[in-house]
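Residue numbers for the sequence shown, in UniProt numbering: 1 to 326. By construction, the Cβ of each residue, glycine as well, lies at the ideal position given by its N, Cα and C atoms. Working notes for the structure below.
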Amino acid sequence: VHHRKRNKTSAWHAYMHFKGIEANSSKCTDKKSNISELVKKASDYRELTDQQKEELISEFDKVKKGAQDRPPNITARTRAAEYARSFQFVREELEALNKRVGAKAFVIMVCGVSDFAMAPKAFFTSPAMEQFVRLYLRKDIAKMATDFESTVLANGLIINTATNHRERMAKAKIAIRIGLRTSLCEVTDDLSAAIEFTRYNDLVCDYHVKLVGWNHPQWANLSDLKGGIESLEKVASAIAEGTCKFVSITHEEVEDWMNRVKNGEKLTPELKPPMPPDALPSASPPTTATSSTGPLPNSSNSSPFPLEDENDSRPSPFEDDNNPLP
């Protein structure tokens, strides 16, 4: 979307480039001349003939071409800037199209890779478009964007109807992992925050948070949890409803936690209800054929997140003309 502006090479810029290399080639880093000092020593530029200037331009173009042929150094900041800039261009095009021919549209853009965290962005050409999503689709904008991002990151698995035990297990585990990470990012205001189930102590100490409402009798990696599909779907349902989430704790609570860990205690989230792992039912899939069900119990929606109330009037956290994102 973004195209870099290309300007004709200036003889003065070419001269200053090579003048700087010549003047600083034998100097250490802290004694090299800056651009203002080089300008003071550029009196011989006026003595250059047109042919000499053309030669300088030709050589400088070769230098620039060599720099452009190298692959760019793409950092997290570069990706974030390109993300925001490209979305702004899309907005401007839609706004221009709306003014020219009255076209209406809405756009939701999310990150499709797990190694780059960026808040979803949404844009509506008119308030009527936003009301359409809220009233007719019965979706809150923030919730719809979150579901969209979760589905993209899960490669479409979340919205597919689970047809067997293995798909239901995978679907519930993805909902748990994404839901907990979303909760952690919200409470810490850190989009790079990540969850490692086996390092819960580090999570508490680093972010000053704790997990409440975990309703599975175990705390372990999702692949090691026992109890069958029903227990996993129960956890996913609690996360979607907001009863299982991360909450902030005080500095005193963190110190108490660290002291207990130093004394040899192995601390985990409060399990409700606690029970030994050998008392849990087997996680093996059922042998008889069962009908296809949704991802969560008591839910007619194929998404692991509940639909928002159509009368919900809370403002959308996404950027618009009067409410830019941070």
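| query | result |
| --- | --- |
| Cβ neighbour criterion (16 or more within 10 Å) applied to LEU203 | buried |
| Given LYS143 as reference, the closest of SER126, GLY213, VAL110, PRO127 once Cα atoms are compared | VAL110 |
| VAL113 (DSSP reduced to helix, strand or coil) | coil |
| Candidates HIS208, ASP224, TRP219, ALA172, of which the one nearest HIS251 by Cα | HIS208 |
| Straight-line gap, VAL235 to HIS216 (C-alpha atoms, nearest Å) | 6 Å |
| The region 94 to 108 contacting the region 116 to 133, beta-carbon criterion three pairs below 8 Å | yes |
| Per DSSP, cross-strand counterpart(s) of PHE124 | PHE106 |
| Close beta carbons around MET258, own chain, < 7 Å, minus the five adjacent residues each side | CYS205 |
| At least three beta-carbon pairs within less than 8 Å, the region 165 to 180 to the region 231 to 249 | yes |
| LYS62 versus PHE18: straight-line alpha-carbon distance, rounded | 13 Å |
| Beta-bridge partners of VAL152, as assigned by DSSP | None; VAL152 has no bridge partner. |
| Sufficient close CB pairs (3 or more, under 8 Å) joining the region 39 to 59 to the region 15 to 29 | yes |
| PHE246 versus GLY102: straight-line alpha-carbon distance, rounded | 45 Å |
| Backbone CA spacing between VAL254 and PHE132 [nearest angstrom] | 46 Å |
| Alpha-carbon spacing of ALA76 relative to THR188, whole angstroms | 20 Å |
| Other residues of its chain near GLY66: CB distance less than 8 Å, five sequence neighbours each side excluded | none |
| Best match in GLU47, THR198, GLY20 for proximity to LEU38 [C-alpha to C-alpha] | GLY20 |
| DSSP state of SER86 mapped onto helix, strand, coil | helix |
| Nearest-angstrom Cβ-Cβ length linking ALA119 and LEU191, presumed shorter than 8 Å | 7 Å |
| Collapsed DSSP secondary structure at SER33 in the structure displayed | coil |
| Boundaries (first-last residue) of the alpha helix (DSSP H) holding PHE18 | 11 to 24 |
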